[in-house]
Structure formats: structure tokens, C-alpha cells
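Just so we're on the same page, our numbering is the position in the sequence shown counted from 1, plus 581.
Note that beta-carbon positions come from the ideal geometry of N, C-alpha and C, so glycine has one too.
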Amino acid sequence: MIKSLLRFIKMAIGYAGMAMRHSRIKGKKARFEIFKTLVLLTYKSKYHPESEVMQEFFGFKVSANSPQTLLSLYREIFVDEVYYFDSNHASPKIIDCGANMGISMLYFKHLFPNAQIIAIEPNPMALQYLEKNIKQNFLEDVHVEKACVSDKVGKEKFYYSNKINIANASLFPEIGKHYLMEVDSLQLSDYLSKDIYDLVKVDVEGAERQVLKELKTSGQLQKSKRYIIEYHHAPEYLEDTLQEILETFSEAGFSFSISGDEGDKVLNFEYSPNFREKNP
Numbered sequence: 582m583i584k585s586l587l588r589f590i591k592m593a594i595g596y597a598g599m600a601m602r603h604s605r606i607k608g609k610k611a612r613f614e615i616f617k618t619l620v621l622l623t624y625k626s627k628y629h630p631e632s633e634v635m636q637e638f639f640g641f642k643v644s645a646n647s648p649q650t651l652l653s654l655y656r657e658i659f660v661d662e663v664y665y666f667d668s669n670h671a672s673p674k675i676i677d678c679g680a681n682m683g684i685s686m687l688y689f690k691h692l693f694p695n696a697q698i699i700a701i702e703p704n705p706m707a708l709q710y711l712e713k714n715i716k717q718n719f720l721e722d723v724h725v726e727k728a729c730v731s732d733k734v735g736k737e738k739f740y741y742s743n744k745i746n747i748a749n750a751s752l753f754p755e756i757g758k759h760y761l762m763e764v765d766s767l768q769l770s771d772y773l774s775k776d777i778y779d780l781v782k783v784d785v786e787g788a789e790r791q792v793l794k795e796l797k798t799s800g801q802l803q804k805s806k807r808y809i810i811e812y813h814h815a816p817e818y819l820e821d822t823l824q825e826i827l828e829t830f831s832e833a834g835f836s837f838s839i840s841g842d843e844g845d846k847v848l849n850f851e852y853s854p855n856f857r858e859k860n861p
């Protein structure tokens, strides 16, 4: 028992240390909180992998369907900070496409407590946690759309993996595996035609091409100052559209940076009108 506990502690410390080295968050208190949260979620993932979890961090009470899912999202969003961005005012307008359980929403509220957020999520299993996380943290200026983002307004078939891995839900059966239900679909251009946004975050599990093609066709792509897009690389069943996406933004006057490995990537686009002149 003692040897098992020591092995776990060693594993958790190593895991937490590796994650913290990549974090932008500075200060002993904040970094200790990151370390503590990573250790607690690692413990819960090992010994209670399929249990619903509630974990407090950065002043938020965060509920999720499992510690494994929350650990993965916490590390990606709060430790690696893949959605980090700057804003020159205190209440940026954000559209969160694929808000899932609301961890990205909480991160945006951590950066900008007065941010105005439209959280779009079609998965009913994720929505229950998204709405719970809004309610138990008394968040204001958050509007939830129970729909998916697509290239059309109407209905789409929606698929999911399983109750534990609810982050892998998609319009594509190859990603989601199991048919869940028909969900409402909406177009991003309907929002961007009415206002200018500081950030559009897109994590739609393979539907990036349809979403961006509709934005380009509608002429509304430049109505957001920045896009952060999770690009899902699955060549065995999805066409590789990375170059097409990069060209679409480059032609529209956006500069970009790419992070990630040989598979999935995070694409960060910022509207820079002069960039188009440098890249004809």
C-alpha cells in the first residue's frame, strides 16, 4: 500500500512539474494552486475514474462528468493556456464554439471577469455541466446556445463517444461513434453580421472546414479580431484541410501562429490588415 502510494506521488509530482513548466502563470501562490489541482485530479483519475467530480481552482467551483476529462481540459486550458489572448478593453466579446462543459468559458472569465460570452454547445450531456458551472459561479454576461455550429441553419445529426469521454462529440460518426440525436444548427455569420467580436474560439471536432467556408462565403470572417481554432487531424476519415484554412485566413488579412504536434493543432489567427500586403 505504501509503495503504491509513493509511486502515485512520484508520478503526480512529475506530471504536475512537466505541465507547470509550460504555463504562463507566474507567482508562487498561483503555481502552487496549479500543482495542487493537478495532483488532486490525477489522484481522482486513478482511483475514481468514472465518478462525477467537483474541483475548485482559481476561485471557481468546477463540475465535470469525470476527473479524467476535467484533468485533460484543465491541463490544456488553464495550464498550457492554449486559449490565451490579449484585449485592450476589460469586457471583450467572445463566441465560444464547442463550449463543452464550460472550462474554456471559465478560463475566459478568469482572464476577463467582465467578458461577454456566447457559449455554443449541442451535446446535452455536456450542457448540464456547462449550465451548472455558470450557475454555481454566479457568472454574468454568458448566453448559452443549445446548438452546433455548421454551414447551415436547421438540424444536424450528432454523435458522441461515451458518457465518460463527452468531449469527443461531433457531427462526424467516425469521431463520435454513436448516434445521439438531431440537434439545432446555426451559422456563425448570423452573429458576426450584427457585431464585432474580440475572439471566436472554434473546437467543433472536425467541422472546422464547413464553419469557415460559410464565414468566407458570407463575407463575415473579418468581423472577429481573433480566431483560435482547434484543428483535428484525422486523415483516415477526414480530409486534411489545414493548408486550406491557413490560406483562407491569410487571404483575409490575418497573421497566424500554430502550436501542437504532428496530429491535432491549435491555430491562432489575428486580424492584421498589413499582413495581406506582405503575403499577396
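- Within the DSSP secondary-structure output, Met706 pairs in no beta bridge.
- By the Cβ test, the stretch 818-831 is not in contact with the stretch 768-780, since fewer than three Cβ pairs between them sit closer than 8 Å.
- For Asp771, the enclosing alpha helix (DSSP H) covers residues Ser770 to Leu773.
- Non-local C-beta neighbours of Leu654 in its own chain, meaning closer than 6 Å and more than five positions away in sequence, comprise Ile684, ordered along the chain.
- Between Ser647 and Val634 the beta-carbon gap is near 6 Å, inside 8 Å, which marks them as a contact.
- In the DSSP assignment, Lys794 falls within the unbroken alpha helix (DSSP H) covering Glu789 to Ser799.
- Selection Glu712, Cys678, Ser668 and Asn849 evaluated against Pro694 yields Ser668 as nearest (Cα-Cα).
- In chain order, Lys804 place their CB closer than 6 Å to the CB of Ile777, counting only its own chain and leaving out the 5 sequence neighbours on each side.
- Cβ-Cβ separation between Val764 and Glu789: approximately 18 Å, too far for a contact (criterion under 8 Å).
- When secondary structure is reduced to three states using DSSP, Met686 falls in the helix class.
- Contact between the stretch 714-725 and the stretch 686-700 is established, with three or more Cβ pairs separated by less than 8 Å.
- Its chain contains Ser766, Leu767, Gln768 and Asp771 as the residues whose beta carbon lies nearer than 8 Å to that of Val734, once the 5 sequence neighbours on both sides are disregarded; these appear in chain order.
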